[in-house]
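S.K.: Our numbering puts the first residue of the sequence shown at 2, with every later residue one more than the last.
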Amino acid sequence: MSVFISGATGFIAKHIVGQLLEQNYKVVGTARSQAKVDHLKKQFGNNPNLTLEIVEDISKPHAFDEAIKKHAKDIKYVLHTASPFHFDTTDYVKDLLTPAIEGTKDILEAIKKYAADTVERVVITSSYAAVINFEREGDNTFKVDENYWNPDDWNTCQANAVRAYCGSKKFAEQAAWEFLKENKGVVKFKLSTVNPVYVFGPQRFDEDIVAKLNTSCELVNSLIHSPADAPFDPTSIYGGYIDVRDVAKAHLVAFQKEEAIGQRLILHGGKFAYQDIADILNEDFTCLKGKIPVGKPKTGVLGVGEQGCVVDNSNTKKILGFEFIDLRKTIHDTAAQILKHEGKL
Numbered sequence: 002m003s004v005f006i007s008g009a010t011g012f013i014a015k016h017i018v019g020q021l022l023e024q025n026y027k028v029v030g031t032a033r034s035q036a037k038v039d040h041l042k043k044q045f046g047n048n049p050n051l052t053l054e055i056v057e058d059i060s061k062p063h064a065f066d067e068a069i070k071k072h073a074k075d076i077k078y079v080l081h082t083a084s085p086f087h088f089d090t091t092d093y094v095k096d097l098l099t100p101a102i103e104g105t106k107d108i109l110e111a112i113k114k115y116a117a118d119t120v121e122r123v124v125i126t127s128s129y130a131a132v133i134n135f136e137r138e139g140d141n142t143f144k145v146d147e148n149y150w151n152p153d154d155w156n157t158c159q160a161n162a163v164r165a166y167c168g169s170k171k172f173a174e175q176a177a178w179e180f181l182k183e184n185k186g187v188v189k190f191k192l193s194t195v196n197p198v199y200v201f202g203p204q205r206f207d208e209d210i211v212a213k214l215n216t217s218c219e220l221v222n223s224l225i226h227s228p229a230d231a232p233f234d235p236t237s238i239y240g241g242y243i244d245v246r247d248v249a250k251a252h253l254v255a256f257q258k259e260e261a262i263g264q265r266l267i268l269h270g271g272k273f274a275y276q277d278i279a280d281i282l283n284e285d286f287t288c289l290k291g292k293i294p295v296g297k298p299k300t301g302v303l304g305v306g307e308q309g310c311v312v313d314n315s316n317t318k319k320i321l322g323f324e325f326i327d328l329r330k331t332i333h334d335t336a337a338q339i340l341k342h343e344g345k346l
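1) Helix, strand or coil for S7 per DSSP?
2) Measure the alpha-carbon distance for K182 versus A249 and round it to whole angstroms.
3) Give me, in chain order, the residues of the same chain whose beta-carbon lies closer than 6 Å to that of F143; leave out the 5 immediate sequence neighbours on both sides.
4) P100 by DSSP, collapsed to three states: which one?
5) Within 10 Å of its beta-carbon, does P228 have 16 or more other beta-carbons around it, so buried, or fewer, so exposed?
6) For the candidate residues E121, D313, A130, whose alpha-carbon lies nearest to that of L97?
7) According to the Cβ coordinates, are V132 and Y149 closer than 7 Å?
8) Give me the residue from R246, E54, Q159, L220 with the minimum Cα distance to F12.
9) With DSSP collapsed to three states, give me the class of V163.
10) At what residues does the alpha helix (DSSP H) containing N283 begin and finish?
11) Label A255 either buried or exposed according to how many other C-beta atoms from any shown protein chain fall within 10 Å of its C-beta, with 16 as the threshold for buried.
12) Can you tell which of H72, N48, K37 has its C-alpha closest to the C-alpha of E57?
13) What did DSSP end up calling G309 once you bin it into helix, strand or coil?
14) Could you spell out the range, first to last residue, of the beta strand (DSSP E) harbouring R137?
15) Quick check on this structure: which residue in I267, K318, F201, G263 has the alpha carbon closest to the alpha carbon of F273?
16) Roughly how many whole angstroms lie between the Cα atoms of S34 and I55?
17) From what residue to what residue does the alpha helix (DSSP H) around V18 run?
18) Name the DSSP beta bridge partners of A32, please?
19) Using a 10 Å radius around the Cβ and a threshold of 16 neighbouring Cβ atoms, would you call G322 buried or exposed?
20) Could you tell me whether the Cβ atoms of I267 and N161 are closer together than 7 Å?
21) Identify which residue in A279, S315, N50, C167 has its Cα closest to the Cα of K299.
22) By Cβ distance, which residues of its chain are closer than 8 Å to K114, with the 5 residues on each side in sequence left out?
23) Going by alpha carbons, who is nearest to P232 out of G301, S223, Y239?
24) Give the secondary structure of K144 by DSSP, where H, G and I count as helix, E and B as strand, and everything else as coil.
25) Taking R45 as part of the alpha helix (DSSP H), name the residues at either end of that continuous run.
26) Is the CB-CB distance between N355 and P152 below 7 Å?
27) In whole angstroms, give me the CA-to-CA distance for V18 and I6.
28) Can you check DSSP and say which residues form a bridge with T194?
29) For C158 and F88, I'd like the C-alpha separation in whole angstroms.
30) Which value, in whole angstroms, describes the spacing of the CA atoms of A32 and T10?
31) Please determine, among Y199, K74, H342, the residue with the shortest C-alpha to C-alpha distance to G270.
32) Is the distance from the Cβ of Q338 to the Cβ of P235 below 7 Å?
33) Comparing C-alpha positions only, which one of Q24, I59, I76 sits nearest to S3?
34) For A337, would you say it is in contact with chain D, using Cβ-to-Cβ distances shorter than 7 Å as the test?
Given below as structure tokens:
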């Protein structure tokens with residue numbers, strides 16, 4: 002039996018594919034073009050357990066039909082990781098909301114049509130974005146857990162690109178839970194979602210280090226390449242962190258463990274401020290000393306502790322049963338890979 006994974010060329014997805022292959026699963030992945038298919042196959046050493054199909058545009062109707070139909074008899078688990086994640090748009094409905102929601106509905110409809118009897122578990126890569134309350138993120142007295150939902154509606158989520166992205170994750174995840182309710186007698190699969198915060202950590206392959214990295218890792222990358230006198234606001238970024246290797250591991254646990262059925266898994270290893278990233282880079286890498294911004298050392302989470310909304314993901318940790326990689330290691334490993342790739346380490 003196989004694991005079907007959409008968006009197999011993504012930052013998180015490559016780690017998932019790698020861990021699945023290491024555990025001897027047969028994997029069917031999707032990518033947007035033949036070039037991406039060929040490149041991914043090559044990266045995984047033409048592993049015979051990895052099959053790839055082209056799905057050009059997940060927002061198009063019936064995007065996943067062909068791929069699911071072709072492998073319907075073999076697919077036991079479906080991991081839906083494909084979703085737009087960028088902020089460089091002003092047409093939030095067309096570029097963020099619609100593709101996320103329609104892509105999620107579409108893959109579930111394809112399962113219903115062609116693999117209703119074979120697919121047993123579905124895991125959706127959602128996000129902490131589907132949980133966040135922007136108005137109360139800085140409120141020490143406020144607490145969220147796995148049952149809390151981002152309160153933004155269709156209109157309020159279109160205030161800016163970040164909120165629109167968060168809205169896209171909320172509405173896409175809600176669409177999945179709704180689909181399951183409406184089709185209980187038709188499909189037999191059980192659903193789980195994985196809701197990570199900022200995802201750091203190394204790329205699965207060193208060659209994936211490019212000038213601009215995925216949104217979270219770019220925070221590290223841009224700081225490495227900022228001159229010491231560049232404007233740097235140490236408080237401009239504040240949020241939760243998780244390592245990509247733990248996110249991948251959580252996707253596997255989500256379909257392997259009975260306890261994960263019907264659960265939202267908030268992947269949150271703790272909080273960080275942009276200052277913490279600057280501190281770790283300056284402390285851990287002598288090659289960066291005096292060459293990148295310093296900010297105000299020890300004024301971040303590592304220096305003064307966590308602030309703002311309390312994230313209670315104790316249920317998630319209990320289900321997963323493994324310790325998360327800490328902030329220093331995830332930032333260190335992210336940076337070390339970049340610096341080695343550039344010949345600075």
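Cβ atoms here follow ideal geometry from the backbone N, Cα and C, with glycine treated the same way. If you're wondering where the values come from, they're calculated on a predicted model, not measured in any experiment.
M.R.: Looking at the atomic coordinates:
1) strand
2) 27 Å
3) R137, C310
4) helix
5) exposed
6) A130
7) yes
8) R246
9) helix
10) 275–285
11) buried
12) K37
13) coil
14) Unbroken run through R137: none, as it is neither H nor E.
15) F201
16) 6 Å
17) 12–23
18) I55
19) exposed
20) no
21) A279
22) D66, I69, K70
23) S223
24) strand
25) It should be pointed out that residue 45 corresponds to Phe in this sequence rather than to Arg. Here F45 belongs to no alpha helix (DSSP H), and DSSP marks it neither H nor E.
26) Residue coverage of the chain in this structure runs from 2 to 346, which leaves residue 355 outside it and unanswerable.
27) 8 Å
28) I125, R265
29) 13 Å
30) 6 Å
31) Y199
32) no
33) I76
34) Absent here is chain D; the protein component of the structure consists of one chain.
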